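Undergrad:
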Amino acid sequence: MDTKYTIAEAAKITKVSQRTLLRAIKNGNLKTEKAGRRHLISERTLNSYLGGSNISLNDALLTFLKNKKSEMVATLQKIVSMPSISSEIGQEEKLANYIKKRLDEWGIRCVVYKEGTSIAVRATYGFANEGFLLDSPLDTLPAGDSVKWTHPPFDGEVVNGKMYGRGTADAKAGIVTQLYSLLFFKRNIDEDKVRIELVFYTLRQD
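With positions in the sequence shown counted from 1, the corresponding number in this note's numbering is that position plus 10.
(1) My parser needs the beta strand (DSSP E) runs of 3 or more residues fully inside the segment 98-155; what are they?
(2) Under 9 Å between the Cβ atoms of G175 and S91?
(3) Is there contact between the segment 108-118 and the segment 189-196, where contact requires at least three CB pairs shorter than 8 Å?
(4) Do you know offhand how far R132's Cα is from T150's?
(5) So, with DSSP's three-state summary, where would you put E43?
(6) Let me know the secondary structure DSSP gives L213 once reduced to three states.
(7) When DSSP labels each residue in this structure, what does K79 get in the three-state scheme?
(8) Using the rule of at least 16 other Cβ atoms within 10 Å of the residue's Cβ for burial, across every protein chain shown, is A20 buried or exposed?
(9) Using 8 Å as the threshold, is the segment 130-146 in touch with the segment 201-211, meaning 3 or more CB pairs across them?
(10) Where do the N-terminal and C-terminal ends of the alpha helix (DSSP H) with V168 fall, by residue?
(11) Which residues in the same chain as G177 place their Cβ atom closer than 6 Å to its Cβ, once the five residues preceding and following it in sequence are excluded?
(12) Which whole-angstrom value describes the C-beta separation of I10 and N77, a residue pair presumed to lie in contact below a C-beta threshold of 8 Å?
(13) Can you give the Cα-Cα distance for N64 and A130, rounded to whole angstroms?
(14) Would you call L67 buried or exposed, if buried means 16 or more other Cβ atoms sit within 10 Å of its Cβ?
(15) By DSSP, does R48 sit in helix, in strand, or in coil?
(16) Applying the 10 Å Cβ sphere with the 16-neighbour rule, what's the burial state of S94?
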């Protein structure tokens, strides 16, 4: 879902004055939606405006990460709560389908492939002839003896700024990072200028 901001909120996020934003709206450089007497600016429109202004792509990325931080943490907690242990048939497929659902919501092309018990998720953004590939395994090692865990292995508890759980580091944090990297590119880079492939997979001999 594309978040919408009031002009005051957009000014705070972008560190651009409300007067500058109002001028951009008046000149037709920044499109808004009316909600009663208020102007609302969608996140995608705001990012597009930033990309076309003097604000660098790096600043746009910092703004994106600031806005998405809580959502990214929640997404990581969600997939940590979904066991995808390599020895348990079917668990990775549930995770793959959840990832596809998120990508579908963002309007990003995505396919889940299944051959035997092997699963792969492939997502693509852009039509450039050359690009780059991001990949990560879906599966994790078993949690082992739960008594030895200081926090439940599939709860994704956050304590003092650190998340605890099986796969938080290897490699579900990487999955979340790559997903939101793709979303950032979709919202900030024209699809004719870039090509990015995401592949999440598990391989197993039947």
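Even for Gly, the Cβ is constructed at its ideal location relative to N, Cα and C. Just so we're clear, the structure is a prediction, and the values are computed from it rather than from any experiment.
TA: Reading from the atomic positions:
(1) List check, beta strand (DSSP E) in window: 119-125, 128-135, 142-147.
(2) One-based indexing of the sequence shown puts residue 175 at position 165. One-based indexing of the sequence shown puts residue 91 at position 81. A contact, by the Cβ cut-off of 9 Å.
(3) yes
(4) Locating residue 132 in the sequence shown gives position 122, counting from the first residue. Locating residue 150 in the sequence shown gives position 140, counting from the first residue. Cα atoms of R132 and T150: separation of roughly 19 Å, rounded to the nearest angstrom.
(5) The sequence position of residue 43 within the sequence shown is 33, counting from 1. E43 falls in the strand class under three-state DSSP.
(6) What you label residue 213 is simply residue 203 of the sequence shown in a count that begins at 1. In the structure shown, L213 sits in coil (DSSP, three-state: anything other than H, G, I, E or B).
(7) Start at 1 with the first residue of the sequence shown, and residue 79 comes out as number 69. In the structure shown, K79 sits in a helix (DSSP, three-state: H, G or I).
(8) If you number the sequence shown from 1, residue 20 lands on position 10. By the neighbour-count rule (16 or more Cβ atoms within 10 Å), A20 is buried.
(9) yes
(10) Residue numbering aside, residue 168 sits at position 158 when the sequence shown is read from its first letter. Unbroken run through V168 is the beta strand (DSSP E), 167-169; no alpha helix (DSSP H).
(11) The residue you call residue 177 lines up with position 167 of the sequence shown. The answer, listed in chain order, is V90, T150.
(12) One cannot answer for residue 10 here, as it falls past the ends of the chain, which runs 11 to 216.
(13) Residue numbering aside, residue 64 sits at position 54 when the sequence shown is read from its first letter. Residue numbering aside, residue 130 sits at position 120 when the sequence shown is read from its first letter. Caution applies to N64, whose pLDDT of 46 falls short of 50 and renders its modelled position unreliable; the value that the coordinates give is listed next. Take the alpha-carbon of N64 and the one of A130: they are about 40 Å apart.
(14) Working through the sequence shown from its first residue, we reach residue 67 at position 57. Classification for L67: exposed.
(15) Position 38 of the sequence shown, counting from 1, holds the residue named residue 48. DSSP places R48 in strand when its eight states are reduced to three.
(16) Within the sequence shown, residue 94 is the residue found at index 84, counting from 1. With 16 or more other Cβ atoms within 10 Å, it is buried.
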